[in-house]
Amino acid sequence: MENLADAFLRLDRKEIALLKAVERGMRTSEWASMEDVVARARLSPKAAASGLARLVGKKLVSRTTEPYEGYQIGFVAYDLVALSDLVDRDVVLSLGDLLGVGKESVVFEALGRIPPGADEEGAPPEGEEAELVPLAVKFHRQGRTSFKHVRRAREHLAGHPRCAWIHAARLGAAREWRTLKALHPEVRVPRPVALSHHALVMEHAGGTELYRVVLEEPETFLELILEEVASAWRRGFVHADLSAYNVLVGEEGEVVIIDWPQAVSRRDPRARELLERDVKNLLDHFARKYRLDLSLEAALSSAAADLGPGEEGGKEAGDGEVEVSTTDGAAEG
Ligand code: ADP
Ligand code: MN
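The structure is reproduced here in structure tokens:
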């Protein structure tokens, strides 16, 4: 894949308008029709045709002529649509290096501003511009892998984008956004900054993944992490994909738990089981790497003293959502 920032810089306004138009068109039909694209992009048919031909040449858009002239975007083009929105909103000012490529995301570092009103902290003092902060932009990729399942889920997508991968990726980003909003700052998670399409912007947490560091005081860290697991549980959430890949350890010894799209409500029937699996993953890591021996029971009693159904924010985690991806909650890393 070519560099996303380069691809972005090589697009002109017309091409961006066309990508956005194709994306809008794909919400109602699999292939956005030429007429639809022309109307939405507010371009002359001639300008639209030449712009679309350039986008097809750049492999950002694919074209069909049967049963009508239609266009589709792929993931990279969709990333560009979200990025251009974030740039227009002044959230992202520059895009940096790739931070990580997971099974279900591509994450870039970026510089930007926290929009006023993102939360109380986010509003700059009057007359001042918010200062530049390091960000992480996570482009969700759910729906790229489990194709069969996604296709079957398509019939249930009334009122949602028809295109299953777009829907799955948007849903993943929206779920992660809501969970971060509910947990930050009481639980050590990245501060959520903005959401656009399938792209989630959060504060760059710094630090290094737990699996890549060698801790001098592993017990202390295990306790710290279990405290965060407990704190999330009290707020009604189970991470459901906790592992040494999804914990960042900072230079000052702080921990940040990342990667929350598959989090489930504490009231979910699987909540207890998923909590146990999360804690077990963590214990296995510390046992393997540091020979640290803590029983699951002991760890659970510190992680979730009260294992009854939760009252708080858990509603946000899963209720009323369409399950799209088979890998929900089962992904590694
Ligand atoms: P995936 O589901 O693809 O594993 P993650 O949310 O775990 O998605 O992000 C992938 C990688 O990107 C992480 O392992 C981490 O290295 C990096 N990353 C994600 N979010 C942040 C963040 N807020 N700050 C710094 N790095 C991050
Ligand atoms: Mn991860």
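The sequence shown runs 2 to 334 under our numbering.
Backbone N, C-alpha and C define an ideal beta-carbon position, used for all residues, glycine too.
Keep in mind it's a predicted model, so treat the numbers as computed, not measured.
C-alpha gap between Glu255 and Val194, whole angstroms: 20 Å
Tell me, please, whether the CB atom of Ala48 is closer than 8 Å to any CB atom in chain D? In the displayed structure, chain D is absent; only one protein chain is listed.
For Val250 and Glu210, I'd like the C-alpha separation in whole angstroms. 6 Å
Using 7 Å as the cut-off, classify the Cβ of Asp260 as near or not near the heavy atoms of ligand 2, replying yes or no. yes
Specify the secondary structure class of Val215 as computed by DSSP and reduced to three states. coil
Leu94: buried (16+ other C-beta within 10 angstroms of its C-beta) or exposed? It counts as exposed.
Could you compute how far the alpha carbon of Val39 sits from the alpha carbon of Leu276? 50 Å
Inspect the beta-carbon positions of Arg192 and His198 and report whether they are closer than 8 Å. no
Under 7 Å from any heavy atom of ligand 1, does the C-beta of Ser106 make it? yes
Taking Cβ positions, are Ala42 and Ala22 nearer each other than 8 Å? yes
For Gln143 versus Glu105, is the C-beta distance shorter than 8 Å? yes
Could you have a look at His168 and say whether DSSP puts it in helix, strand or coil? helix
Helix, strand or coil for Lys59 per DSSP? coil
Decide if Gly208 is buried, meaning its Cβ has at least 16 other Cβ atoms within 10 Å, or exposed. buried
Is any heavy atom in ligand 2 found nearer than 7 Å to the beta carbon of Gly144? For Gly144, the shortest C-beta to heavy atom distance toward ligand 2 is 7 Å or greater.
Is Asn282 a contact residue of ligand 2, with contact defined as CB to any heavy atom under 7 Å? With a cut-off of 7 Å, the C-beta of Asn282 is classified as distant from ligand 2, since no heavy atom of the ligand falls inside that distance.
Endpoints, alpha helix (DSSP H) assigned at Lys290: 272-291
With H, G and I counted as helix, E and B as strand and the rest as coil, what does DSSP make of Arg64? Correct three-state label for Arg64: strand.
Ordered along the chain, which non-local residues of its own chain (more than five positions away) have a Cβ less than 7 Å from that of Val214? Val250
Consult DSSP for Val77 and reduce its assignment to one of helix, strand or coil. helix
Measuring only the C-alpha atoms, how far is Pro263 from Ala272? Note on identity: in this sequence residue 263 is Gln, with Pro being the wrong assignment. Straight-line Cα distance between these residues: approximately 12 Å.
Compute the Euclidean distance between the alpha carbons of Leu301 and Val280, then round it to the nearest angstrom. Going by the C-alpha atoms only, they are around 7 Å apart.
Could you tell me the alpha carbon to alpha carbon distance between Leu5 and Pro68, rounded to whole angstroms? If I take the Cα positions, the gap works out to 32 Å.
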